[in-house]
Amino acid sequence: MADPANTKLGRMLLDQISPAVMVLRTPFVEDSCRRNNLSLIEMLSPYSTFNNIDVPVRTASDQPYRLRKFKFRLFYNSDIRQRSTEAAKERLKQVITHAGDKEISDLCSRQAGIESVITTSAQDLVPSWFQNFNKELINAAAFSEHEGFDHPVACLVAVSSKDKDPVGKFVDLFNTTQLPHLLNDGSMDPKILKYYLLVHDNQEGIQEKATGILAEMRSTFGASDCRLLCINSSVDGTEEHQQNSWASHENSASNEKQFGCFLNKDDIEELRNTMHDFSSKHIIPLMELKIRVLNQQVSATRKGFRNQIKNLWWRKGKDDVPENPSAPMYTFNSTESQIRVLGDYAFMLRDYELALSNYRLISTDYKLDKAWKHYAGVQEMMGLAYFMLDQSRKDAEYCMENAFTTYAKIGSSCGRNVTRCGIWWAEMLKARDQYKDAAGVYFRISGEEPLNSAVMLEQAAYCFLMSTPAMLRKYGFHLVLSGDLYEKCDQIKHAVRTYRGALSVFKDTAWSHIRDHVHFHIGKWYAILGMFDEGIKHVLEVLPCGHQDKLTQELFLSEFFQIIQETGKTFEVLTLQLPVINFPSIKVVFEDHRTYVSPAAANVEESLWQALEEDMTPSIAGLKSNWLELQSKVLPKKYKESNVCIAGEAIKVEVSFRNPLQIPISVSNVSLICKHSTESDKSDPASNGSLDEDKNDTGLRTVSVIGETSTDASLFDLSEVNISMQGGETVLIQLTVTPKVEGTLKLVGVRWKLSGSVIGICNFQSDIVRKKVAKGKRKPKKSLKDNLEFLVIKSLPRLEGTIHSLPRTVYTGDLRCLTMELRNPSKTPVKNLKMKISHPRFLDIADQEVVNLEFPTYLKKQAISSRSCTIFDAPKTAKTVFMFPENIASSWQTPVKWPLWFRAAASGSISLYITIYYETEDVSSIIKYRTLRMHYNVEVLPSLEVSYRVSPSPSGLHEFLVRMDATNRTSSQNFQVHQLSCVGDQWELALLQPIGPNLSLGFLMAGQSLSCFFRLKNCKTRGSTEDKMSSLAKGIADVRLVGSESSGLFDTSVSPFDLFHHQERLHQERHDKGDGNTVDFILIAEAQDDSDAEPPRTTAEILSHYTCHCRVGSSSPVWWSMEGPRSASHDFSSGFCEINLNMTVYNSLEDAVSVRINTLDSLPRSNSITKTASVSGYEYGWHDISHLTDAKVTPDSMGGRVGKALSPESVSSFIWSGSCSTRINLEPLSSAEVPLQISVFCEGTFDLSNYSLQWNLRAGDGGDDGNESRVRSGSCHGRPYHITVLQKEQS
Amino acid sequence: MIVCVAVVGHQNNPLYIQSFTKGDDSLLRISILNVEGCSYHSLKRHHIVHCSLDVVDERVNNPKKSGLIINETFLGLLNPTENYKVYGYLTNTKVKFILVTTDLEVRDVDARVFFGRFHTAYVDAVSNPFHIPGKKITSRKFAERVSTIVKSFGLSSGG
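So the sequence lines, in the order shown, correspond to chains A and B.
Numbers 1 to 1291, taken from the numbering used here, label the letters of the first sequence in order.
Numbers 1292 to 1450, taken from the numbering used here, label the letters of the second sequence in order.
In structure tokens form, the structure reads like this:
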């Protein structure tokens, strides 16, 4: 630790605990000094401090030591008394007020962050006036009778040479003037050293007279105790002093006055010499002498064992004496006082050892006497002595604490002593870096007096800050406490200062209650001080206080408005957080070449549209090059990157406002802030700006409310919205700006007016970190700035389009005809219209003449003839972009109407995107084409669930059995199944059992299901093999499922059925099968309205269900059928009977196969040639198990031959005649007939299933093309074919 | 009597502060925080709890100096002042529990028992899948449970 004397406390003690000198003077002396704007003491005091006096001192010990620093204090006789409480208070208040006034300038400075607060040194941070304040507090406790160091050691008597009878005056001064009560009431020795000073003013007369008086004085009072002091030697009174010794007095006097203006160098030198002489030749020797004398006395009476015993005995006896509280307990000649004075003198002469020993001696006495005040005072001095000796910290602290608590116990009369002791104690702890403890002491000092407490708490706060580690929260808390006390004492400036300090702690904390409190009060106090700007800034911080309760919110808000009202101005506030703007939800929607029908369309992701428009619009690369080319001519490069918008078309900005409070607020005049610059005034872009950017950073500015928007009105239109928000509400506001003139438009921010008094401004570009802009350029990385700058180009035609009566909710399969309407409001024609639809399965374009036809009746069969054979080339249209005929664009007087087919193909939520491309005829424009984007959402509910199962009919070669299962999946809707059609000419469909004329087969209630069987015949195959069947013999592909003939069948071969059929085929495409044996079904149903309350619909709802790629075929690629007589009669007496059969074999594969037909007379066994894998490979679907079982149970002919006869009595009664193995080669998709013959030996019914067909792909037919999974061969067992042979009756 | 309990997050952010006094002004010796409105009392306890965090930090950073046993969650008396006492508790996740009481004589055992129960309640509250860690605890059930624990403070061990 540093030398105790060099610590702050050491310097304080040197300053405070120093010999006091009483000054007596005549009014003339004072007058002379007043010429220099100084009192006598003020003039002398700078020279009463000696930094290097170098006087040898010898106290009690024989060893002399040299005193280097010395100081004595000068007091007028009238000041040597304790100040009254009021006076002391007044002084303290003055100090504080003065300090506050000085610091007001700092209050506007920027707030430093807490990090910088920690790093700044303590000297910078702690206000310097604390020292003065503490000094005042200590001085207030001075001149107590129980302490010796404030008792004057000498008396300086000053008489002017102007006085009449100066020598007599010297005597009179001491005798007549009121001497301090300390000398009168016996607390101190009235015999005091006197020093006679004759003050001569050189302005008043010559020096000779003074020297005469001095000689007289010397003869009267003794030569050494008299001195002449000549002052005011300067003639003109304009002396300037290099180092102003009186600078410290500037506090109490006004600054304009020049101190010491009549004192020249000689005067000052004389002043210095006088005081040096006084101290070194009089005060110090006197004190030395007194110490020695007292020490001897004390040693004689108190030191030694005998004296101690005596003392103890005497003390005990003294207890019985009733104390007289009015008179001082100990007079100056009592032993106790002498010891105390001895200690104090030793302390003042830096002989701390001596002082300590005497204090210790007296301390126990006082304690025994229960003289608590004296005891406390001695303890205090002991602590200080320990400190100065730098011994035993614990003892020092213990003594200080003891003194403090003792003083505190005594009560209010010792309040000042408590304070003084506390300050010293705290300083002591601070000197030893025990800041935390020091803070505790300061906290304990703070008592009843609010002003004192405020300062003490503030000091405590700084102690917390300086402790390691810094206790920031406590720092903040104590500053807040202190600030509140300051506020109570009307020291608003100090209150603001402390709160500002606390703010640095609480600024970014999550403890919002505390933060709000601090902000709010700072704001309020600033407003009281008249610094409204600062005040508003702070109150603004607490406005979005959603976490506070309602009352507090109201309080904050009303205070804010009150401050605003007091200013009498309209403020524009950049950081107004009420209402809060949700930045991520800000959306900018503008239309360049992309135009939108609805906001919903604008919200769709850009990439979706781009994908849709890809093959319709000119390619981006091509466009860009053209665009750049054009730009370089027309526009400066600067605007190349900005967005393009069109004059007269609104830019929409969606801003979401949120009210964080629980109380409703009203927000009016919400509008965008935009900056428009035309080509001409580009040199000065700010000229038209409604927001001057230079002012932005101030955050707060006053505006005149009117006249701001007038200049902009011609350039663009702004929409204004007024809203009133309930507590906690979030409102999405759509603001628009419509540029009128070509040029550049920049969206700067949004502006609103809160409760009609404050204008809030939010700048989009500043301090917005995240912001989403819905539509931007194609470059993925784009700065916000680019998105808010628009290049306004001259107006272009803009198409408007709607689709009428597009249903929101439909059932699956619903088929409708919709009308799309396109309008061109502008006069300028557009050309080259194209349209593309995202989901051709759901929405497709129709012929224009459909508009005039009645739907759906014209789709019925009877209308076929009128439309003849114009087959719509569906696949082509669906795939590509639909080009509108050129002629429709020619005239736009009336809106263009175009029909669309809509069919709800699948259930779920469907988003339909439609984009229409058109080109403008104006070649010079930057935008050459535009697209109109439409977006609709359709909710499709499930209706009928239809499934088909097709299995080859055993009865015919090209016949199939179709089972249709339809289930009504709706909850309430009924459907009437109208017809089932299969697509294609080659199919012929019929009900398995015809229904009666009035029987309605296909009525399906909600939840009901229906199964129907149909017979399906493939006419085409037969035609190709047999003859070329004429087209007239086209199969009937439609089956009516309703009984009534009134409703005709729909023609499924025309649009829209074929159109959607094509889409469905594409959609339902199966990848795993390559064979073409599939059939597509269309089920047409009608929705039935059973509720009569509803008005009958104008058009019946038609639902069409497509099921494509239903596989037709058996388990084998080779089909065959056996043909022949089913029964025969024969006269077996004339021999066996031969029956000829005919087998037709059809190859359904795309490859040529060779088929071998083996007729077996024995039971067929599993063929080793057939790989099991290949068998299983063909056994999906319906595989025929019955073959084997049939074969087994059949009383097979020739079974006995192989020795495996199932029954011994079974005798084969027929055999296959002819070749037992026939091989034929079949071309792809062709059939061949194989004649077979059996010979029957007896009558009976026979099962001719004991044959098998083996097929394999013909080698060299491209079978080795790597398609390994393909089955190359297989075998099939014969199917049962029963033939009955009867004995022919002999006739 | 328990005046206030608080849960403070690991970043020293307040998660839950509940006071159990109605208009009791004697909490602070210096009754100067006369803030207008209802936030008056809440502000005080905010300040007390906030301040005690300094002490918590100090204890945690210098466990030896403050005589704290390593891995001990109970931090003991934090703020011995004349009118109220502040006890602290630190969980493994550096969540702090603060207890402010006006009882002049509080046994450590009682405080430990209290914090143990409080910890359990807290764990249950934050185990709620809808609770976002680091956000304020708004569970009503937790509040009810805490008030039950507060009521039973000191009773368990016969105090």
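Virtual Cβ for every residue (Gly too), placed ideally from N, Cα, C.
This structure is a prediction, so every number in the text was calculated from the model and none was measured.
For Asn358/A, does the count of other Cβ atoms within 10 angstroms reach 16, so buried, or fall short, so exposed?
Asn358/A should be labelled buried.
For Ile1400/B, count neighbouring Cβ atoms within 10 angstroms of its own Cβ and tell me buried if that reaches 16, exposed if not.
Here residue 1400/B is Val; the residue named in the question, Ile, does not match the sequence. Per the 10 Å Cβ criterion, exposed.
Check Ser1011/A in the structure and name its three-state DSSP category.
Ser1011/A falls in the strand class under three-state DSSP.
Residues near Thr1025/A by beta carbon distance below 6 Å, same chain, minus five either side:
Low per-residue confidence applies at Thr1025/A: pLDDT is 40, beneath 50, and the placement is therefore not dependable enough to give any value.
Cβ neighbour criterion (16 or more within 10 Å) applied to Val773/A
The predicted model places Val773/A with a pLDDT of 41, which falls under 50 and marks its position as unreliable; any figure quoted below should be read in that light. Residue burial is scored here from C-beta neighbours: Val773/A has at least 16 other C-beta atoms within 10 angstroms and is therefore classed as buried.
Under the rule that 16 or more other beta-carbon atoms within 10 Å means buried, what is Arg1350/B, buried or exposed?
Residue environment: Arg1350/B is assigned as buried (16 or more neighbouring CB atoms within 10 Å of its CB, all protein chains considered).
Could you check which residue in Phe556/A, Cys762/A, Ile192/A and Gln662/A has the C-alpha nearest to that of Val655/A?
Residue Cys762/A is the option with its Cα nearest to Val655/A.
In this structure, how does DSSP classify Ser78/A when only helix, strand and coil are distinguished?
Correct three-state label for Ser78/A: helix.
So, does the CB of Arg500/A fall closer than 7 Å to a CB anywhere in chain B?
No - not a single Cβ of chain B is within 7 Å of the one on Arg500/A.
Pull up the CB-CB distance for Thr931/A and Tyr948/A, whole angstroms please, since I reckon it's below 8 Å.
Not quite, the Cβ-Cβ distance comes to about 42 Å (not below 8 Å), so this is no contact.
Would you call the segment 376-384 of chain A and the segment 28-44 of chain A in contact, with 3 or more CB pairs under 8 Å?
No, the segment 376-384 of chain A is not in contact with the segment 28-44 of chain A.
With a threshold of 7 Å between beta-carbons, can Cys1295/B be considered close to chain A, or not?
Contacts with chain A at 7 Å (Cβ-Cβ) do not include Cys1295/B.
Using a 10 Å radius around the Cβ and a threshold of 16 neighbouring Cβ atoms, would you call Met883/A buried or exposed?
When all chains shown are included, Met883/A counts as exposed.
I want to verify the contact list: residues of chain B whose CB lies under 7 Å from the CB of Trp511/A, in sequence order.
Under the 7 Å cutoff, chain B gives Pro1305, His1337 and His1341.
State yes or no: is the beta carbon of Met471/A nearer than 7 Å to at least one beta carbon in chain B?
Closer than 7 Å: yes.
Are Leu900/A and Met835/A touching if we call contact CB-CB under 7 Å?
At a Cβ-Cβ threshold of 7 Å, Leu900/A and Met835/A do not count as neighbours.
Cα-Cα separation, Lys1432/B to Lys1335/B
The straight-line gap from Cα to Cα measures roughly 25 Å.
In chain B, which residues lie with their C-beta within 9 Å of the C-beta of Lys93/A?
The contacting residues do not exist; Lys93/A stays about 18 Å from chain B at best.
Measure the alpha-carbon distance for Met12/A versus Val167/A and round it to whole angstroms.
Spanning the two alpha carbons is a distance of roughly 39 Å.
Cβ-based contacts, 7 Å cut-off: residues of the segment 422-449 of chain A near chain B:
Those residues of the segment 422-449 of chain A that come within reach of chain B (Cβ to Cβ, closer than 7 Å) do not exist; the list is empty.
Taking the CB atoms as reference points, tell me whether Cys1110/A and Val950/A lie closer together than 7 Å.
Closer than 7 Å, so yes.
Does the beta carbon of Phe477/A sit closer than 7 Å to a beta carbon anywhere in chain B?
Taking Cβ atoms only, chain B reaches closer than 7 Å to Phe477/A, which makes this a yes.
Inter-residue CB distance, His1061/A and Val983/A (contact presumed, cutoff 8 Å):
Between Val983/A and His1061/A the Cβ distance is about 6 Å, and since that is below 8 Å, they are a contact.
Which class does Trp511/A belong to by DSSP, given the choice of helix, strand or coil?
Trp511/A: coil per DSSP, three-state reduction.
So, with DSSP's three-state summary, where would you put Pro1420/B?
In the structure shown, Pro1420/B sits in coil (DSSP, three-state: anything other than H, G, I, E or B).
6 Å Cβ shell around Glu541/A - same chain, five flanking residues per side excluded
By the criterion of a C-beta distance shorter than 6 Å, Glu541/A is surrounded in its chain by His519, once the five residues flanking it on both sides are discounted.
Pairwise C-alpha distance: Tyr929/A and Asn832/A
Each residue's alpha carbon lies about 9 Å from the other.
Would His517/A pass as an interface residue toward chain B - the criterion being a Cβ-Cβ separation below 7 Å?
Yes - at least one Cβ of chain B is within 7 Å of the one on His517/A.
So what's Ser1273/A in DSSP terms, helix, strand or just coil?
Looking at Ser1273/A - three-state DSSP - the assignment turns out to be strand.
Counting pairs of Cβ atoms below 8 Å between the segment 213-225 of chain A and the segment 189-205 of chain A, do you hit three or more?
Because the criterion of three Cβ pairs below 8 Å is met, the segment 213-225 of chain A and the segment 189-205 of chain A touch.
Are the beta-carbon atoms of Ile1428/B and Phe1409/B separated by less than 7 Å?
The Cβ-Cβ distance between Ile1428/B and Phe1409/B does not fall below 7 Å.
Could you have a look at Thr301/A and say whether DSSP puts it in helix, strand or coil?
Helix, per DSSP.
Do you know offhand how far Val57/A's Cα is from Pro64/A's?
Going from the Cα of Val57/A to the Cα of Pro64/A covers about 5 Å.
Using DSSP bridges, identify the partner residues of Tyr948/A.
Answer by DSSP bridge pairing, in chain order: Met964/A.
Proximity test, Cβ basis, 7 Å: Lys474/A and chain B:
Taking Cβ atoms only, chain B reaches closer than 7 Å to Lys474/A, which makes this a yes.
Since Met12/A is in the alpha helix (DSSP H), which residue starts that stretch and which ends it?
Met12/A -> alpha helix (DSSP H) spans Lys8 to Gln16.
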